[in-house]
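Heads up: the sequence shown at position 271 corresponds to 272 in the working numbering, and the numbers run straight through without jumps. Have a look at the structure below, then the notes.
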Amino acid sequence: MCGIVGYAGRRPSAAAAGELKSHAHGALDVVMEGLRRLEYRGYDSAGVAVLTEAGIDSRKKSGKLANLTAELAAAPLPEATTGIGHTRWATHGGPTDENAHPHLADGGRLALIHNGIIENFAELKAELLAAGAEFISETDTEVAAALLASVYRGEGGGDLALSMQLACRRLEGAFTLLAIHADSPDVVVAARRNSPLVVGLGDGENFLGSDVSGFIDFTRRAVELGQDQIVTITPESVEITDFYGNPASGTEFEVNWDAAAAEKGGYPSFMEKEINDQPQAVGDTLLGRSDLEGRLTLDELRVDPEDLKAVNKIMVLACGTSAYAGQVAKYAIEHWCRIPVEVELSHEFRYRDPIVDGNTLIVAISQSGETMDTLMAVRYAKEQGAKVLAICNTNGSTIPRESDAVLYTHAGPEIAVASTKAFLAQITAAYLLGLYLAQLRGDKFQGEIKDMLTDLAKVPAKIQQVLDNSGQIKELAGLMADAKSVLFLGRHVGFPVAMEGALKLKELAYIHAEGFAAGELKHGPIALIEEGQPVFVVVPSPRGRDSLHAKVVSNIQEIRARGAKTIVIAEEGDDAVKAYAEHVFYVPETPTLLAPLLTTVPLQIFACALATAKGYDVDQPRNLAKSVTVE
Ligand code: F6R
């Protein structure tokens, strides 16, 4: 939530750059480029501030980044070498120009941007008001700016880094703060607690970003920061301390994807690109994780195999789409390893006295690695003695750093706010984990594991087949643009797929949609069926458990008899469903447990095409943000 960028460097100004005009020059260009890449984190307003010899100058505007760009064209900012920028997802105060960041204080000599929520802002505001401070916005950020300014003029003694330390000690909640001051040219000071911040290391320039996309155009060398740290960047230096000024350090890492991976690659939207990236996302997640004999080698797991053998319960913690990946994982891991698996929404887990101990393995699934609800659940589980393994797509993010082990998905950057390729990569990683546990504990014969890996290796080409045959589903989506409500049914692993299909439609097309377990129909949801009600049904393979297929087919008959318009996702060769479906979309044959990697894809394509037909922005749906860094 909220994208943050900071820059201190000596890039030549636009005028001095001459021929290099196409490349970013000056702080403003660098910051705006970073904001463009971070806009997926929040897009209800945006703002920048630059530091020049004359002091601080800033612009901010409600709405998407394009509005700020227009504002900058109408009222340009001066050339500068130091700057900060912000794209907002509103928490305190609506998305107005006044509430947009940066917030100024100290008579306009200090500018501050913030991601997170300051929980004790009301108390601090009352104190600052009593001391004569004035506020023009409704935000907690302006309170933090005023606090920093008052400390700067008081015990901070005009030292921005020291003032930041002192101010942070008074703040409660989650925050990443970046500040510049007119008295400290070439300096950006930042702080982080429970909110993301990464440093980018350049040559004669340094960067700050909510994640590496904020500076990926300029450097691939990055530093992960720890909890409760302050970092001061200048063009030549990066200095890290804790909130008490004690020297601290971060962990340097190399970003393993490049700027091109975060571009649309010829597709009209990131969402379409990412849906089409899925064969590669799954393939890359499988890459290098087994040897020629079919033995899984998850070297990066870094957790004692004896601890894994002792596990007697697995709890998957995640939110949204990642939680649906967890539900798929439950079916597979329980089947392969005979270990009970519970799946719980991270935000529910913490508040119900969950029973976890040293033999519980927590699997935290998060694309961003920053979801606050999941991070808090991870911390709670660790306090109870559980081992935590993260399945994550983002290097350098907080959840893997705080977990005992990590299994990275290699989906590449996911920019569209609604998750697609990360979902398939998470499911793939969860399969690898399940098979690895089965191998380690001897729950399956090595040959069985090898066979399953062979089946998994065939999946990317099968996803490609689904993508290549997507014309028909896109056409249907265009015809259904006026639908008011769409239902999704599935059984077994098809149940989480149905819920994911419904979530995609809600998020992208703003249509009421619900996913149900097909068996639950008669216990209530069937009352929703009326003449013409569109219902997607995810049908299990007829080659799997017979009863499963037959049961879903009778569910289709039940809703058809009540007027539903049925749209069926079935396995190639399943002719039995044709008689009961208005439309059938076939996916290639694959073992039942692996089917979600295929059956999800038509539902993603449908939601994306329908939203596009309605003229909506599929990359940045209303009210959402990519990385939910507040609880
Ligand atoms: C839906 C979606 C969200 C995320 C959820 C968890 O399309 O993207 O539901 O899956 O916010 O995010 P991560 O995986 O980053 O923890």
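From the three backbone atoms N, C-alpha and C, an ideal C-beta is built for every residue, glycine too.
Per-residue burial, residue 245 [other beta carbons within 10 Å of its own, 16 or more giving buried]
Residue 245 should be labelled exposed.
Taking 6 Å as the line, does the beta carbon of residue 320 fall inside it for any heavy atom of the ligand F6R?
In this structure, residue 320 has its CB closer than 6 Å to one or more heavy atoms of the ligand F6R.
What are the start and end residues of the alpha helix (DSSP H) that includes residue 285?
Residue 285 -> alpha helix (DSSP H) spans 279 to 287.
With respect to 6 Å, is the separation between the Cβ of residue 602 and the closest non-hydrogen atom of the ligand F6R below this value?
No, Cβ of residue 602 sits at least 6 Å from all heavy atoms of the ligand F6R.
Excluding sequence positions up to five away, which residues of its chain have a Cβ less than 8 Å from the Cβ of residue 390?
The beta carbon of residue 390 sits closer than 8 Å to the beta carbons of 302, 304, 362, 363, 364, 365, 404, 405, 406, 407, 408 and 434 from its chain, once the five residues preceding and following it are set aside; these are given in chain order.
Nearer than 6 Å: is that true of the beta carbon of residue 317 relative to any heavy atom of the ligand F6R?
Outside the cutoff, so no.
Residues that residue 463 bridges to, as DSSP identifies them
Beta-bridge partners of residue 463 (DSSP): none assigned.
Thinking residue 6 and residue 215 are a contact (beta carbons under 8 Å), I'd like their distance in whole angstroms, please.
Between residue 6 and residue 215 a beta carbon distance of about 5 Å is seen, short of the 8 Å cut, so the two are scored as contacting.
Check the C-beta distance from residue 106 over to residue 113 and give it rounded, since I have them as a contact under 8 Å.
A Cβ-Cβ separation of about 7 Å places residue 106 in contact with residue 113 under the 8 Å criterion.
Helix, strand or coil: how does DSSP classify residue 343 here?
Assigned with DSSP and collapsed to three states, residue 343 falls in strand.
Which whole runs of the beta strand (DSSP E) in the region 437 to 495 are 3 residues long or more, in chain order?
Restricted to the region 437 to 495, the beta strand (DSSP E) segments that are unbroken, complete and at least 3 residues in length are 486 to 491, listed in chain order.
Run through DSSP, which three-state label would residue 89 get?
Three-state result, residue 89: strand.
Would you please state the rounded distance, in angstroms, between the beta carbons of residue 12 and residue 90? I believe it to be under 8 Å.
In fact, because the Cβ distance is near 29 Å, the residues do not count as touching under 8 Å.
Could you check which residue in 127, 595, 378 and 524 has the C-alpha nearest to that of residue 542?
Comparing Cα positions, the closest option is 595.
Leaving out the 5 sequence neighbours to the left and right, which residues in its chain are closer than 6 Å to residue 326 when beta-carbon positions are compared?
Excluding residues within five positions, the ones whose Cβ falls inside 6 Å are 366, 424, 427 and 428.
When every heavy atom of the ligand F6R is checked, does at least one fall within less than 6 Å of the C-beta of residue 419?
For the ligand F6R, at least one heavy atom lies less than 6 Å from the Cβ of residue 419.
Of all the alpha helix (DSSP H) runs that stay within the bounds of the region 230 to 286, which reach a length of 4 or more residues?
Counting only runs of 4 or more, we get 271 to 277.
Under 6 Å from any heavy atom of the ligand F6R, does the C-beta of residue 369 make it?
Residue 369 has its Cβ nearer than 6 Å to a heavy atom of the ligand F6R.
Using the three-state DSSP reduction, which class does residue 69 fall into: helix, strand or coil?
When secondary structure is reduced to three states using DSSP, residue 69 falls in the helix class.
Taking Cβ positions, are residue 531 and residue 564 nearer each other than 7 Å?
Closer than 7 Å, so yes.
Quick one: what does DSSP say residue 508 is sitting in, helix, strand or coil?
When DSSP states are grouped into helix, strand and coil, residue 508 belongs to the helix group.
Buried or exposed (CB count within 10 angstroms, at least 16 for buried), residue 137:
Looking at its Cβ environment, which holds fewer than 16 other Cβ atoms inside 10 Å, residue 137 is exposed.
Given the structure, does residue 344 come close to the ligand F6R, in the sense that its CB is under 6 Å from one of the ligand's heavy atoms?
Remark: the C-beta of residue 344 is outside contact range of the ligand F6R, defined as less than 6 Å to any heavy atom.
Residue 102 (DSSP reduced to helix, strand or coil)
DSSP places residue 102 in the coil class of the three-state scheme, outside both helix and strand.
Would you mind sorting residue 255 into buried or exposed? The rule is 16 or more other CB atoms within 10 Å of its CB.
So residue 255 counts as exposed.
Please confirm whether residue 451 and residue 295 have their CB atoms less than 7 Å apart.
Cβ distance < 7 Å, so residue 451 and residue 295 count as in contact.
What I want to know is whether the C-beta of residue 629 ends up closer than 6 Å to one or more non-hydrogen atoms of the ligand F6R.
Taking the Cβ of residue 629 as the reference point, at least one heavy atom of the ligand F6R falls within a distance shorter than 6 Å.
Give the DSSP-derived three-state secondary structure of residue 18 in the structure shown.
In this prediction, residue 18 scores a pLDDT of 49, lower than 50, which makes its location untrustworthy; no coordinate-derived value is stated.
Should residue 286 be listed as close to the ligand F6R, given that the test is whether its C-beta is under 6 Å from any heavy atom?
No, the ligand F6R has no heavy atom inside 6 Å of this Cβ.
Could you check where the beta strand (DSSP E) with residue 535 kicks off and where it finishes?
For residue 535, the enclosing beta strand (DSSP E) has its first and last residue at 535 to 539.
C-alpha distance - residue 338 paired with residue 495, whole-angstrom precision:
Near 20 Å, if we compare the C-alpha coordinates of residue 495 and residue 338.
At a threshold of 6 Å, does residue 399 count as lining the ligand F6R (C-beta to nearest heavy atom)?
Annotation for residue 399 indicates a beta carbon at 6 Å or more from all heavy atoms of the ligand F6R.
Take the Cβ of residue 646 as the centre, count every other Cβ of all protein chains shown within 10 Å, and call the residue buried at 16 or more, exposed below.
Shown here, the chain extends from 2 to 632; a query on residue 646 therefore has no answer.
Residue 169 - containing alpha helix (DSSP H), residue span:
It spans 161 to 171 - the alpha helix (DSSP H) in which residue 169 sits, taken as one unbroken run.
Can you pull the DSSP bridge partners for residue 316?
Beta-bridge annotation (DSSP): residue 316 is paired with 343 and 363.
Can you tell me whether residue 356 is buried or exposed? The criterion is at least 16 other CB atoms within 10 Å of its CB, across all chains shown.
With fewer than 16 Cβ atoms within 10 Å of its Cβ, residue 356 is classed as exposed.
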